[in-house]
Structures are given as structure tokens and as C-alpha cells.
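These notes are about the structure you will find just below.
Residue numbers (the numbering used here): 116 to 216.
Structure representation (C-alpha cells):
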């Protein structure tokens, strides 16, 4: 299994409506990109000062599947239209995991 993890910080004036639009856009991606095996995302649960605002955890069968997802037009449109306007900072990593993870 190949896992992609992305963390986001939003600009201070990001609205609840913009965050809801991000969630809606993310929810649509698995139907548009069949290479996604599992897709989870959401806001920080709070409780720890300095945490990131939002996270995406995406699982793929292998690196090749992730390499289809990353430049996919639906993913790139989501980034341009919904994420980039509110994005202050981003961190990401990809890791290979045993299939039972």
C-alpha cells in the first residue's frame, strides 16, 4: 500500500463555507479518480496548540496509482479552485506500508 498524507494551514480569514467546500470537493475525488483505494480527511480535532488545520490521508495500491492521482485533472482543479485560495501552508509525505496497515 502507498499512503499520501497532506496537512494544511488556512489563512486566518478562511470561512466555514470555504472549509465545507473543501470537504465537498475532497469527497468527490474518489468517484473521479478510481486509483484512490481509501480517502479520509477532516479538520483538526483541537486540543493541541499549533496543530495543522486540516488533513488528508489517501491510500493507493502502489506508487503508480498515486502518480496517476497527483496530476489528475480533477485533483488539480480541486487544488486550484478550492484549496489554493485559502492555503497558508502545506506539508506532505508519501510512504509505503505493508498491505495490512
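Glycine residues also receive a C-beta, built at the ideal position from the N, C-alpha and C atoms.
When beta bridges are read from the DSSP output, residue 184 appears opposite no residue. Residue environment: residue 148 is assigned as buried (16 or more neighbouring CB atoms within 10 Å of its CB, all protein chains considered). Taken atom to atom, the span from the alpha-carbon of residue 202 to that of residue 187 is near 20 Å.
Burial is judged here by how many other beta carbons sit within 10 angstroms of a residue's own beta carbon; residue 185 has fewer than 16 and is exposed. Separation of residue 209 and residue 117 (C-alpha to C-alpha, rounded to the nearest whole angstrom) is 7 Å. Boundaries of the beta strand (DSSP E) harbouring residue 206: 202-211, taken from the DSSP string. Closest in alpha carbon position to residue 192, among 137, 123 and 212, is 137. If you draw a straight line from the Cα of residue 161 to the Cα of residue 169, it is about 11 Å long. Under the DSSP assignment, residue 195 falls outside any beta strand (DSSP E); it carries neither an H nor an E label. For residue 151, there is no enclosing alpha helix (DSSP H); the residue is found in the beta strand (DSSP E) stretching over 151-158.
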